[in-house]
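In the working numbering, the protein residues as written are 311 to 443.
For each residue, glycine too, the CB sits at the ideal point set by N, CA and C.
Quick look at the structure:
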């Protein structure tokens, strides 16, 4: 059985208890990106209909991302406060743009930590804050 809230899918756990849904819908700003220190200040907007996060603002861009690029896709809730997704990686060569697995942990309702890999294959940690306008 699958339940949906916005775009976040909720599965039954092994013991048949329901995972709690958290909405990632809205706009998020990157405040920390290690080890790259790129894209800080960039924003994505999570669309609850498509289940994708699209770049709306790009800053400190050395990897040729463009507004409108789908940065996160296939976002799925796995446990309370935790999500799995595919994250776009780019190095200015269109042939090498690819999506790689990543993991989101909600720190609180307005802050999340994304852990994935960078183009060099190193672990990458990003902190994103919800934009409240």
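Residue 377 versus residue 364: straight-line alpha-carbon distance, rounded | The C-alpha of residue 377 lies about 7 Å from the C-alpha of residue 364.
Give the straight-line distance between the Cα atoms of residue 389 and residue 415, rounded to the nearest whole angstrom.
-> 9 Å
Nearest to residue 395 by CA position, among 335, 409, 432, is which residue?
-> 409
Tell me, to the nearest whole angstrom, how far the beta carbon of residue 425 is from that of residue 339; I am working on the premise that it is less than 8 Å.
-> Not quite, the Cβ-Cβ distance comes to about 18 Å (not below 8 Å), so this is no contact.
List the residues that DSSP assigns as beta-bridge partners of residue 426.
-> 434
Can the beta-carbon of residue 435 be found less than 8 Å from the beta-carbon of residue 344?
-> yes
Using only alpha-carbon positions, find the residue among 357, 375, 367 that is nearest to residue 400.
-> 375
When the Cα of residue 403 is compared with those of 397, 386, 429, 422, which residue comes out closest?
-> For the residues 397, 386, 429, 422, the minimum Cα distance to residue 403 belongs to 429.
So, helix, strand or coil for residue 406, using DSSP?
-> helix
Every unbroken beta strand (DSSP E) inside the stretch 338-371 [3 residues or more] | 353-357, 362-367
Put residue 376 into one of helix, strand or coil per three-state DSSP.
-> Residue state, collapsed to three classes: coil.
Rounded distance between the beta-carbons of residue 422 and residue 385, thought under 8 Å = Wrong, their Cβ atoms sit about 11 Å apart, outside the cutoff.
DSSP on residue 401, reduced to helix/strand/coil?
-> coil
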